[in-house]
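See structure below.
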Amino acid sequence: MKHIFKNKRISSILTVMPPHEVFFADEMHNYSFPESQNKRLAKVMGFNKRRIGEKYDTVSDYAVYGIQQLIEKGVLKTDEVGAIVVITTTPDHLIPPTSNIIQGRFDFSTETICQDLSFGCAGYIAGVLQAFMLLDVLEDKKVLLVTGDFLSQRIAVRDRGSRPIVGDAVAITILENSKEDNKCYCAIRNDGANCFAVYIPAGGTRLPTSPETGIEEQDIFNNYRAKDHLVMNGDLVFNFIINEVPVMMEELMQDAGITKDDIDYYMCHQSSKFTLQKVADRLDVPRQKVPNNIIETYGNSSSASIPVNMAYNLSEELTQDKQLKIMLAGFGTGLTWGAIIMDMGQMDYCGMVDFAGKHYALGE
Amino acid sequence: MEITQFIEKFAEQFEETPRSIFAATTDFKSLDEWDSLVSLSVISMVDEELGKRITGADIRSCTTIEDLYNLVMSK
């Protein structure tokens, strides 16, 4: 099934990155594997350096800093905001919603719609879809979409399956109704039967955090993690990505009445270099059209990875006076996978900044 | 696909291990180079070459390349 939206645009993207950089080479000793294996793995999967948040970094602090930057640059006016949508699996608190925290830091109208949604690596697609639906009723108001996670805090240091890829980041995307006549094609799919392929066992109501849930245990691959940590069934997720994602992308192109040559760039969630090369090969498109260099530079930042990918690789092209046909694709926990085909370009702003803002105190 | 061709494709997933040591009776998980990455490459190879989906658990249940070949062909 496809969803078609008319006359929508992404007008700005700003990604807020943690300044702290870590290198795979410095962390290799944490994994109980021979050095030669680790080096080969790094080459194939694209492990090099990543950006990691500090303890007590929050999605709202990063988002507030980014929104302040957009206001100072004149890209955003506070009275234009009709909705704040926050997509994260690592909210500041269970109560209140992170979107309300962000709203309260600015002079935004009390009529601002505030929504928090829980999505991981498919979160950017879910967020853009949500923003499009809101824009159908928001007229000339804009949607502030905040996507991102601080998942590094929930991944075990000695888990070679997940630790070498995890990065933290928060992205702000401004979406608005466009005067241009255009169509955006969206698809989103879910396979809840495999929802535990990526999960964190403890910390919710089924298994509250306790001293026991913090005890690290060895798995069959010699990785160590606790029930407080994220656990990923790597080969199931890999099968899912290389099989389901290209099929969905091809079907969406058919629905949109275009072919793969019409797409200028496939901007995918940054799972790993290896999986993205496989996705490109399955689609039978040149690998250069499917950028995969975010893992080795910033890490996999979950729902922020697609905007990080766009800001890092396409900031010049997206702010020029031309339109590109872009396909976005996200996939991850849920299992959820989604894609969007839309025209992009002439953005007011597209860039990255390192976080240099304020850490608010508890209850402040 | 014949087993000889399967062994050849299987061997291609390794970078350092010499081709000559791969045979139907090879206990592949005991090879120095065997790891989760090679396992993913094998899953991908089986998918691409034979259009069949296998899991990491399928691979772990096999000892020799012939075991894996039989398992794949029975799918």
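So the protein lines, in turn, are chains A and B. In terms of my numbering, the first sequence opens at residue 1242 and continues consecutively. In terms of my numbering, the second sequence opens at residue 2 and continues consecutively. Here a beta-carbon is modelled for each residue, glycine too, at the ideal position from N, C-alpha and C. All values derive from a computational prediction rather than experimental measurement.
Test: Gly-57 (chain B) CB closer than 8 Å to a CB of chain A: Your numbering for residue 57 (chain B) matches position 56 in the second sequence. So yes, Gly-57 (chain B) belongs to the interface.
Output the boundary residues of the beta strand (DSSP E) element that contains Val-1322 (chain A). Position 81 of the first sequence, counting from 1, holds the residue named residue 1322 (chain A). From DSSP, the beta strand (DSSP E) with Val-1322 (chain A) extends over 1322-1328.
Are the C-beta of Ile-44 (chain B) and some C-beta of chain A separated by less than 8 Å? Counting from one through the second sequence, the residue named residue 44 (chain B) turns up at place 43. Yes, Ile-44 (chain B) counts as interfacial toward chain A.
Could you check how far apart the C-beta atoms of Val-1387 (chain A) and Ile-1325 (chain A) are, in whole angstroms? I think they sit under 8 Å. Numbered from its first residue, the first sequence carries residue 1387 (chain A) at position 146. Numbered from its first residue, the first sequence carries residue 1325 (chain A) at position 84. Rounded, the Cβ-Cβ distance is 7 Å, consistent with contact.
Pick helix, strand or coil for His-1261 (chain A), following the three-state DSSP scheme. Within the first sequence, the letter at position 20 stands for residue 1261 (chain A). Coil.
Candidates A:Lys-1280, A:Asp-1298 and A:Phe-1347: closest to Glu-1313 (chain A) by CA position: As a first step, residue 1313 (chain A) is located in the first sequence; it is residue number 72 there, counting from the start. Of the listed residues, the one whose Cα sits closest to Glu-1313 (chain A) is A:Phe-1347.
Does the ligand SAH have a heavy atom nearer than 7 Å to the CB of Leu-1477 (chain A)? By its list of ligands, the structure shown contains no ligand whatsoever, and the ligand SAH lies outside what it can speak to.
Could you pull the start and end residues of the beta strand (DSSP E) that Ile-1582 (chain A) belongs to? For the purposes of this step, residue 1582 (chain A) is identified with residue 341 of the first sequence, where counting begins at 1. Start and end: 1577-1586.
Own chain residues within Cβ distance below 6 Å of Gln-1564 (chain A), not counting five before or after: Along the first sequence, read from residue 1 onward, the residue named residue 1564 (chain A) stands at position 323. If we look at Gln-1564 (chain A) and ignore the five residues flanking it on each side, its Cβ neighbours are Asp-1584 and Gly-1586.
My understanding is that Ala-1412 (chain A) touches Ile-1254 (chain A), with C-beta atoms under 8 Å, so please give their C-beta distance in whole angstroms. As a working note, residue 1412 (chain A) is residue 171 in the first sequence. As a working note, residue 1254 (chain A) is residue 13 in the first sequence. About 7 Å separates the two Cβ atoms, so the contact holds.
Thinking C-beta only, is Val-1486 (chain A) closer than 8 Å to Val-1572 (chain A)? As a working mapping, residue 1572 (chain A) is identified with position 331 in the first sequence. As a working mapping, residue 1486 (chain A) is identified with position 245 in the first sequence. It should be pointed out that residue 1572 (chain A) corresponds to Phe in this sequence rather than to Val. Yes, Cβ-Cβ distance for Phe-1572 (chain A) and Val-1486 (chain A) is below 8 Å.
Taking C-beta pairs closer than 8 Å, name the residues in chain A that Leu-41 (chain B) reaches, listed in chain order. Here residue 41 (chain B) refers to the residue found at position 40 when the second sequence is read from its first residue. Chain A residues near Leu-41 (chain B): Gly-1475, Asp-1476, Phe-1479 and Phe-1515.
Quick check: the Cα distance between Cys-1509 (chain A) and Lys-1501 (chain A), rounded to an integer number of angstroms? Stepping through the first sequence from its first residue, residue 1509 (chain A) is reached at position 268. Stepping through the first sequence from its first residue, residue 1501 (chain A) is reached at position 260. Answer to the nearest angstrom: the Cα atoms are 15 Å apart.
May I ask you to report which of helix, strand or coil DSSP gives Lys-1637 (chain A)? Nothing can be reported for residue 1637 (chain A): it is not among the residues displayed for chain A, which extend from 1242 to 1605.
Using a threshold of 8 Å, state whether the C-beta atoms of Gly-1598 (chain A) and Val-1305 (chain A) are closer than that. Here residue 1598 (chain A) is taken as the residue at index 357 of the first sequence, counted from 1. Here residue 1305 (chain A) is taken as the residue at index 64 of the first sequence, counted from 1. Cβ distance < 8 Å, so Gly-1598 (chain A) and Val-1305 (chain A) count as in contact.
Determine the DSSP secondary structure at Cys-1436 (chain A), reduced to helix, strand or coil. Mapped onto the first sequence, residue 1436 (chain A) falls at position 195. In this structure, Cys-1436 (chain A) counts as helix in the three-state DSSP scheme.
Within 10 angstroms of its Cβ, does Val-1378 (chain A) collect 16 or more other Cβ (buried), or is it exposed? Position 137 of the first sequence, counting from 1, holds the residue named residue 1378 (chain A). The residue is exposed, with fewer than 16 neighbouring Cβ atoms inside 10 Å.
Shorter than 8 Å from the beta carbon of Arg-20 (chain B) to some beta carbon of chain A? For this step, residue 20 (chain B) is matched to residue 19 along the second sequence. Chain A contact via Cβ: absent.
Which residues in chain B have a C-beta closer than 7 Å to the C-beta of Leu-1282 (chain A)? List them in chain order. Locating residue 1282 (chain A) in the first sequence gives position 41, counting from the first residue. What Leu-1282 (chain A) touches in chain B: Leu-38.
Could you please give the first and the last residue of the uninterrupted alpha helix (DSSP H) stretch that includes Ala-1552 (chain A)? For this step, residue 1552 (chain A) is matched to residue 311 along the first sequence. That run of the alpha helix (DSSP H) goes 1546-1560.
Quick one: is Glu-1537 (chain A) buried, meaning 16 or more other Cβ sit within 10 Å of its Cβ, or exposed? For the purposes of this step, residue 1537 (chain A) is identified with residue 296 of the first sequence, where counting begins at 1. The residue in question, Glu-1537 (chain A), is buried, as its Cβ has 16 or more Cβ neighbours within 10 Å.
Give the C-beta separation of Thr-1353 (chain A) and Gly-1323 (chain A) to the nearest angstrom, bearing in mind that I take them to be a contact with Cβ-Cβ under 8 Å. Within the first sequence, the letter at position 112 stands for residue 1353 (chain A). Within the first sequence, the letter at position 82 stands for residue 1323 (chain A). Contact flag correct, Cβ pair sits at about 7 Å.
Using a Cβ-Cβ cut-off of less than 9 Å, give me the residues of the stretch 1484-1504 of chain A that come near chain B, in sequence order. Asn-1484
Return the Cβ separation of Ala-1552 (chain A) and Met-1489 (chain A) in integer angstroms, given the expectation that the two are a contact with Cβ distance under 8 Å. Position 311 of the first sequence, counted from the start, is the residue given in the question as residue 1552 (chain A). Position 248 of the first sequence, counted from the start, is the residue given in the question as residue 1489 (chain A). Ala-1552 (chain A) to Met-1489 (chain A), Cβ: 25 Å. No contact.
Residues of the stretch 1285-1303 of chain A in Cβ contact with chain B at a cutoff of 9 Å, in chain order, please. Val-1285 and Met-1286
Tell me the DSSP secondary structure of Phe-1572 (chain A) in three-state form. Residue mapping note: residue 1572 (chain A) aligns to position 331 of the first sequence, counting from 1. Of the three classes helix, strand and coil, the one that applies to Phe-1572 (chain A) here is strand, per DSSP.
With Ala-1206 (chain A) and Gly-1389 (chain A) assumed to form a contact (beta carbons below 8 Å), what rounded beta-carbon distance in angstroms separates them? The requested residue 1206 (chain A) does not occur in the structure, where chain A is confined to residues 1242 to 1605.
Step through the CB atoms of chain B and report whether any lies within less than 8 Å of the CB of Gln-1278 (chain A). Taking the first residue of the first sequence as 1, we reach residue 1278 (chain A) at position 37. True, the Cβ-Cβ gap to chain B drops below 8 Å.
In this structure, what does DSSP give as the bridge partners for Lys-1501 (chain A)? Numbered from 1 along the first sequence, position 260 holds the residue referred to as residue 1501 (chain A). In the DSSP output, where bridge partners are listed per residue, Lys-1501 (chain A) has none listed.
Anyone know if the C-beta pair for Pro-1405 (chain A) and Phe-1265 (chain A) falls short of 8 Å? Walking along the first sequence from the start, residue 1405 (chain A) turns up at place 164. Walking along the first sequence from the start, residue 1265 (chain A) turns up at place 24. Result yes, Cβ atoms of Pro-1405 (chain A) and Phe-1265 (chain A) sit closer than 8 Å.
What is the DSSP secondary structure of Ser-1273 (chain A), reduced to helix, strand or coil? To locate residue 1273 (chain A), count along the first sequence from 1; it is residue 32. Ser-1273 (chain A): coil per DSSP, three-state reduction.
Roughly how many angstroms lie between the CA atoms of Gly-1287 (chain A) and Val-1369 (chain A), to the nearest whole one? Locating residue 1287 (chain A) in the first sequence gives position 46, counting from the first residue. Locating residue 1369 (chain A) in the first sequence gives position 128, counting from the first residue. Straight-line Cα distance between these residues: approximately 28 Å.
If the cut-off is 9 Å on Cβ atoms, which residues from the stretch 1518-1549 of chain A count as contacting chain B, listed in chain order? Lys-1519, Asp-1522 and Arg-1523
In terms of residue numbering, what span does the alpha helix (DSSP H) encompassing Leu-1370 (chain A) cover? Position 129 of the first sequence holds residue 1370 (chain A). It spans 1364-1379 - the alpha helix (DSSP H) in which Leu-1370 (chain A) sits, taken as one unbroken run.
Whole angstroms are fine: how far does the CA of Val-73 (chain B) sit from the CA of Ser-1252 (chain A)? Looking up residue 1252 (chain A) in the first sequence gives position 11. Looking up residue 73 (chain B) in the second sequence gives position 72. Whole-angstrom Cα-Cα distance: 49 Å.
How about Glu-16 (chain B): is its C-beta nearer than 8 Å to some C-beta of chain A? In the second sequence, the residue the question calls residue 16 (chain B) occupies position 15. Judged by the 8 Å Cβ criterion, Glu-16 (chain B) is in contact with chain A.
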